[in-house]
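These notes concern the structure reproduced below.
Residue numbers (our numbering): 1 to 193.
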C-alpha cells in the first residue's frame, strides 16, 4: 500500500470564471475522482478550500482543492496538511503541465517545479520538493508570451476529449498507486498514455 494521505487538485478559485480552463485541470481531476466514488466536497474556510474523504481498503485519503489562485495554493495545502499531521512525502499534487501534449499524464516524485508557478509556491511554503505529482499534459502555445492566456483558456473540444479519456485511464493508475505502490502505478500509466 502507498503512503499517500492527501490528493490535491490545483486550480484557480474553482467557484469562478476559471472553471474548465487548462490551469484548472488538476482541480477537475480531483472532482472527477470524487464523482467516481460518489463523494461530495465541503467548503472549509479554515483550510481555504474544498475537502472530501476517500476511503479505499480501510485507508482514509483526503481530497483537497485549494480555493485560491493557483500561484498561492501552497498556504492552504500547508494548513490542511499541518492540521492532519501529513508529511510532505505523503502528498500527491495533481496539476497541468505545458511540457506534455494533451492526453499525456505522468507521475513524478521530487524535483523542480518545471516552471509551474503553483508548484513553485508549494516548494517555497513547504521548503522542500519531496512530494508526488501527477502531471496532466495541456500542450504549449509555442510562444512563451502567450502562455498566460493559454493556461487561462479552455482546451479545444478535441483536446478536452483526449484529456478526459486520459484522466479516466489515469484514475486507474492512481488507484494502483494507492492500493499497491508507486512503481506499479508508473509502469501502468507510463506505458499506456
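From the three backbone atoms N, C-alpha and C, an ideal C-beta is built for every residue, glycine too.
Nonlocal neighbours in the same chain, by C-beta distance under 8 Å from residue i, ignoring five residues either side
i          : result
residue 67 : 13, 14, 15, 43, 48, 49, 50, 76
residue 3  : 89, 90
Cβ neighbours of residue i in the same chain (closer than 6 Å, five flanking residues each side left out)
i           : result
residue 137 : 97, 100, 101, 102, 104
residue 186 : 107
residue 5   : 86, 90
residue 79  : 47
residue 58  : none
residue 184 : 176
Buried or exposed (CB count within 10 angstroms, at least 16 for buried), residue i
i           : result
residue 56  : exposed
residue 95  : buried
residue 93  : buried
residue 191 : exposed
residue 145 : exposed
residue 111 : exposed
residue 11  : buried
residue 195 : In the structure as shown, the chain begins at 1 and stops at 193. Residue 195 is therefore absent and cannot be evaluated.
residue 139 : buried
residue 26  : buried
residue 64  : buried
residue 131 : buried
For residue i, the nearest candidate out of the options (CA to CA)
i           : options           : result
residue 117 : 134, 70, 82, 110  : 70
residue 134 : 3, 9, 21, 147     : 9
residue 30  : 174, 60, 185      : 174
residue 181 : 26, 20, 84, 109   : 109
residue 115 : 3, 33, 148        : 148
residue 37  : 54, 183, 169, 162 : 54
residue 60  : 172, 72, 178, 83  : 178
residue 171 : 22, 32, 21, 20    : 32
residue 62  : 189, 164, 83      : 83
Simplified DSSP state of residue i, which is helix, strand or coil
i           : result
residue 58  : coil
residue 107 : strand
residue 134 : strand
residue 28  : helix
residue 52  : strand
residue 174 : helix
residue 4   : coil
residue 88  : helix
residue 139 : coil
residue 64  : strand
residue 44  : strand
Chain-order list of residues whose beta-carbon lies under 7 Å from that of residue i (same chain, five-residue window excluded)
i           : result
residue 113 : 119, 120, 123
residue 81  : 6, 91
residue 24  : 11, 12, 14, 18
Notebook entry, point to check: Does the stretch 74 to 88 come within contact of the stretch 103 to 115, defined as at least 3 CB pairs closer than 8 Å?
Noted result: no
Note to self: Taking contact to mean 3 or more Cβ pairs, one atom from each stretch, closer than 8 Å, check whether the stretch 150 to 163 and the stretch 117 to 135 are in contact.
What the structure shows: Contact fails: fewer than three Cβ-Cβ distances are below 8 Å.
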